[in-house]
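Shown next, in structure tokens, is the structure this report addresses.
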Amino acid sequence: MDETNLDFPIGTSIIDLVISHRVLTTKKIRQIGLYPGQDLLLIELLRQDHRSQNELVRALNVDHSTIAKSANRLFKTGVIDSQKSAKDKRVTIISLTTKGRALAEQAAEIWRDVEQAVREELSPEDVALFLTYAKKITATFNQRSNEAGQPNQSC
């Protein structure tokens, strides 16, 4: 075990977990022609189609520019359609095309397969404990992040 793991075992374990998950999912989504993040956008549209960019920003907890960039790439490849809202022309509504729905279903299947790989290695009790601990850790990080406020921009 290296010194970082000894000094920060929780933090390094979280980072290792996130990296290994990202590497696996990225390899699988690249095989279907998607880039990281596009899979989550498509899965979110599969859950609820015809969403505004702002709704997707909130649902995925990303910057507006991230959604705009991903949406632009997906639009160019015929995976999504976008149109102005009938109620408010400033709002862009994003929808899956037939091609996009099929790709979103493939992306969701990849995520289900990755989930299943973990479930095969853990008991149902272990999964429940992991989810409980992950929620507690996430809540702690979110609370501390909110308490920390905005970073000082004067540097």
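Each residue of the sequence shown is one higher than the one before, starting from 203 at the first, in this note's numbering. Ideal Cβ placement from N, Cα and C applies to all residues, glycine included.
So for residue 292, helix, strand or coil by DSSP?
Residue 292 falls in the coil class under three-state DSSP.
What residue does the beta strand (DSSP E) around residue 285 start on, and which one ends it?
Counting along the chain, residue 285 sits inside the beta strand (DSSP E) bounded by residues 282-286.
Quick check on residue 298: does DSSP put it in helix, strand or coil?
Here residue 298 sits in strand by DSSP.
Please go through the same chain and pick out, in chain order, the residues whose beta-carbon is closer than 6 Å to the beta-carbon of residue 302, but skip the five residues on each side of it.
281 and 282
For the alpha helix (DSSP H) that contains residue 334, what are its first and last residues?
326-350
Please go through the same chain and pick out, in chain order, the residues whose beta-carbon is closer than 8 Å to the beta-carbon of residue 357, but skip the five residues on each side of it.
Because the pLDDT at residue 357 is just 41, under 50, the model does not fix this residue reliably, and the value given afterwards should be weighed accordingly. None.
Taking a contact to mean a Cβ-Cβ separation below 8 Å, would you say residue 243 touches residue 262 in this structure?
yes
Mind checking who residue 232 pairs with in its DSSP beta bridge?
Residue 232 pairs with nothing; no bridge assigned.
Between residue 248 and residue 310, is the Cβ-Cβ spacing less than 8 Å?
yes
Taking 8 Å as the cut-off, decide whether the C-beta atoms of residue 306 and residue 245 are in contact.
yes
What does the alpha-carbon distance come out to for the pair residue 295 and residue 312?
Going from the Cα of residue 295 to the Cα of residue 312 covers about 26 Å.
Determine whether the beta carbon atoms of residue 239 and residue 272 lie at a separation below 8 Å.
yes
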